[in-house]
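Notes follow once the structure below has been shown.
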Amino acid sequence: MFASRKGIRAFARTHDKKQPVADSKTPSASPAKRRILVTAALPYANGHIHLGHLVEYIQTDIWVRFQKLRGNECIYICADDTHGTAIMIRARQEGRSEEALIADMREAHIADFARFHIEFDNYGSTHSDENRELCGEFWAKLRKAGLVHEKEVTQLYDVKAGTFLADRFVKGTCPNCKSPDQYGDSCDKCGTTYTPADLINPKSTLSGTTPEMRSADHLFVQIEQLHGFLQDWTQSGDHLQREIANYLAGHFLGDPLRDWDVSRPAPYFGFEIPDSPGNYWYVWFDAPIGYVASTAQWCKTHGQKLDDWWRGGKAEVHHFIGKDITYFHTLFWPAMLKTAEFNLPTKIHVHGFLTVDGEKMSKSKGTFVRGATYADHLDPVYLRYYYASKLGPGLDDLDLNRDEFVSKVNSDLVGKVVNLASRTAKFIQDVGLSPTYPDDGGLFATAAAEGEAIATAYEACDYNRAMRLIMALADKANQFVDNAAPWKLKNDSARAVELQNACTISLNLFRQLVIYLAPVLPSLRNQTEELLGQGVSRWEDVGKPLVGVKINQFKHMIKRVEPAQLEAMIEASKEEPKVTDAQSQPTSDAAPAAPEADSGAALEAEPLVTDVISIDDFTKVDLRVARVVNAEEVPKAKKLVKLTLSLGGDNTRTVFAGIKSAYEPEKLIGRLVIVVANLAPRQMTFGVSEGMVVAAGAGGTEIYLLNPDSGAKPGQRVH
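In this note's numbering, the protein residues as written are 27 to 745.
Okay, structure coming up:
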């Protein structure tokens, strides 16, 4: 039964008896506007963005969007990390220049980030004129400070690949804890750092061969001369999380710091060192300088001065990184900045790794998922919210549990947040919001008062706490709507004002939640702005109810996630077993056997159709690529399988296909098929079939679904 106006007040007061009037208190904004420069670690230009990478870029994007929502001047800077042996080797294998390779990867990275609503203010490249110039400036300061010296290095050399091996291109057994399959710079198991030559039974990851020792002259930076500075900087203040400060103190700062090898001999893809011909700056030298170079690019296009962000001034610098690159960012990088007289980081935010269902990501299991593959199957909104709900301020690993992923998205985003608008907006599209904000017994004021606690959680990167606080408010708002039940009043003209008031309260509570969630769900913010015809872009608006405005027609915002979509993504990510040399080579010196001759029996069984058609007739048939997102048996049907097909986006079709004799339904999920998309719907005993999948064969067990080559996308037309 819908509550009367008196009933609305009474219900709300039972939950918040001593709350102030709804619009009597506006949460305070930040006391002073801040100038903040934020970076995420530079993705390497030798591979595509995957779900593990996205933990960091989404975490950082949320923090930046929060700062902007609070009114702070905040820029998000990133770039592709483009130099090194891996790029050189891959370009050589693909028969093209390194510049062509990194240009293609840059475009792929930018496209992947855009699909996940990650919005950089500048996305540069370490292979830029700005970075070359700044590397020279840093180098000159290091030289002037007397920190650079040269010495001969005996290093592992891959004879087959024709190159010296960087740390990450050697694997072997850790010399300390004897853990196998460890990289050449540090052990993932015990944390010990070493040189590749220290590994037991080292192997080149480039060729799989055992490398040999060769000597070459290298240039080193003696950061031990800055030991006292690094001791003070890492152990005082709040530049680092306490766990990181303790880790550095226990593993590195208790002993003299090793000299840092910052050069590599030719052949090497990178910047040649001006005062040392034939030597190149090691990728870990020019990569962090890329933060400054990308900022310089942004400054040029926005009429600002680089020094205002990186020298003097009042700008904060915040780095977001994974715990695997802590050593470089907390010791070498501050030493370089200090020597070159650039601003030191205000804070370095370190996060943990991603696991899936409690295990390391696996290509064979399909849990090593590219960002593009995920976005082909699932809404990026889901991942942004799920990551936010799991991320805290510490170094704990984040686990993507598939069952929890489905339940959390459906329960929180669909069931609690979007539900507030979908259940009420349609009732007042003609009249709009009430001219004044109704008495809700303190619900709006309570939610507004939570603004500072939510802001504090965002600031501390404690997104898990922020999401819990927001969902607690969503629970209260839904309790109100459940009690008010506006759908029961929609045809009662005598209570039209009560209906308008109840919906006004619900939509204002929804708007508050959307503002709080805007850093996590920018697309939901945009959809809400379209619905309400008003901006949702200022944090302080959570304390100012919206009244007296027309609202637009409610449009679908966030769909429920189906487990079948998740499973289809996993299937699409599974790596095919690699063909061994024995499998790929003939067993003798004889040439491979020729393909078996076609007998023509199939054509005899079904002769060619003699009635020809025109090209216009053919183009009337709309053949489309589709992905099977679900497949299930049809009870009591001997031949039929019920297929749910995705044609891209929200466009799905249900098709009943007579292929049960040849295919197990569960094995169809994730594969691409060809569907006749403009076939008239057909009412069948088991439901409506909205198309037809294309297959060949004589029937029975001889049915062969046609599928396009890899790379085809759902929705593409077959011409």
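Glycine included, C-beta positions come from ideal geometry on N, C-alpha and C. Note that the structure is a prediction, hence the values are computed from the model and not measured.
In this structure, Val-376 places its C-beta atom within 7 Å of the C-beta atom of Gln-267.
The distance from the Cβ of Glu-476 to that of Leu-446 is about 16 Å, inconsistent with a contact at the 8 Å cut-off. Annotation: Phe-346 to Asp-214 spans about 20 Å, alpha carbon to alpha carbon. No Cβ-Cβ contact shorter than 7 Å links Gly-717 with Leu-698. Runs of the beta strand (DSSP E) lying entirely within the segment 121 to 190, each at least 3 residues long, are 148 to 151 and 174 to 184 in chain order.
Non-local beta-carbon contacts of Trp-286 in its own chain, meaning distances under 7 Å to residues more than five positions away in sequence, involve Phe-246, Val-247, Ile-249 and Phe-358 in chain order. In the three-state DSSP reduction, Lys-215 falls in the coil class, being neither helix nor strand.
Each of Ser-519, Phe-682, Arg-169 and Thr-260 was checked against the Cα of Arg-708, and the nearest Cα belongs to Phe-682. In this structure the segment 386 to 394 does not lie against the segment 515 to 527, because fewer than three pairs of beta carbons, one per stretch, are closer than 8 Å.
Pairing Arg-586 with Val-507 gives a Cβ-Cβ distance that is not under 7 Å.
The continuous alpha helix (DSSP H) containing Asn-527 extends over residues 522 to 543. Asn-534 is positioned such that its CB atom lies no closer than 7 Å to that of Ser-460. Contact between the segment 62 to 73 and the segment 94 to 110 is present: three or more C-beta pairs spanning the two stretches fall below 8 Å.
Rounded to the nearest angstrom, the gap between the Cα atoms of Ala-474 and His-79 is 34 Å. For Asp-501, the uninterrupted alpha helix (DSSP H) run begins and ends at 489 to 510, by DSSP. For Pro-589, the uninterrupted alpha helix (DSSP H) segment begins and ends at 589 to 599. In this structure Ile-695 is buried. Its beta-carbon is surrounded by 16 or more other beta-carbon atoms within 10 angstroms.
Rounded to whole angstroms, the separation of the alpha carbons of Ala-511 and Asn-578 is 21 Å. Contact annotation, His-403 with Ala-598: C-beta distance approximately 7 Å; criterion of less than 8 Å satisfied. Assigned with DSSP and collapsed to three states, Thr-235 falls in coil, not helix or strand. Taking the CA atoms as reference points, Ile-541 sits about 7 Å from Val-568. Distance from the CA atom of Gly-110 to the CA atom of Trp-310, rounded to whole angstroms, is 9 Å.
DSSP places Leu-731 in the strand class (E or B) of the three-state scheme. Counting the other CB atoms within 10 Å of its CB gives Lys-229 a total of 16 or more, which places it among the buried residues. Per DSSP, reduced to three states, the secondary structure at His-76 is strand. Residue environment analysis places Leu-731 among the buried positions, since at least 16 neighbouring C-beta atoms fall within 10 angstroms of its C-beta. Collapsing the DSSP output to three states places Ile-299 in coil. Here the alpha carbon of Ala-703 sits roughly 23 Å from the alpha carbon of Asp-405. Residue environment: Asn-227 is assigned as exposed (fewer than 16 neighbouring CB atoms within 10 Å of its CB, all protein chains considered). One alpha carbon belongs to Asn-305, the other to Leu-363, and they sit about 22 Å apart. Excluding five sequence positions before and after Tyr-408, the CB atoms of its chain that fall closer than 6 Å to its own CB belong to Val-435 and Val-587, given in chain order. Contact annotation, Gly-741 with Arg-650: C-beta distance approximately 6 Å; criterion of less than 8 Å satisfied. Secondary structure of Ala-471 (DSSP, three-state): helix.
The beta carbons of Val-81 and Leu-572 sit no closer together than 7 Å. Taking the Cα positions, Val-288 is about 7 Å away from His-244.
Rounded to the nearest angstrom, the gap between the Cα atoms of Pro-69 and Ala-134 is 12 Å.
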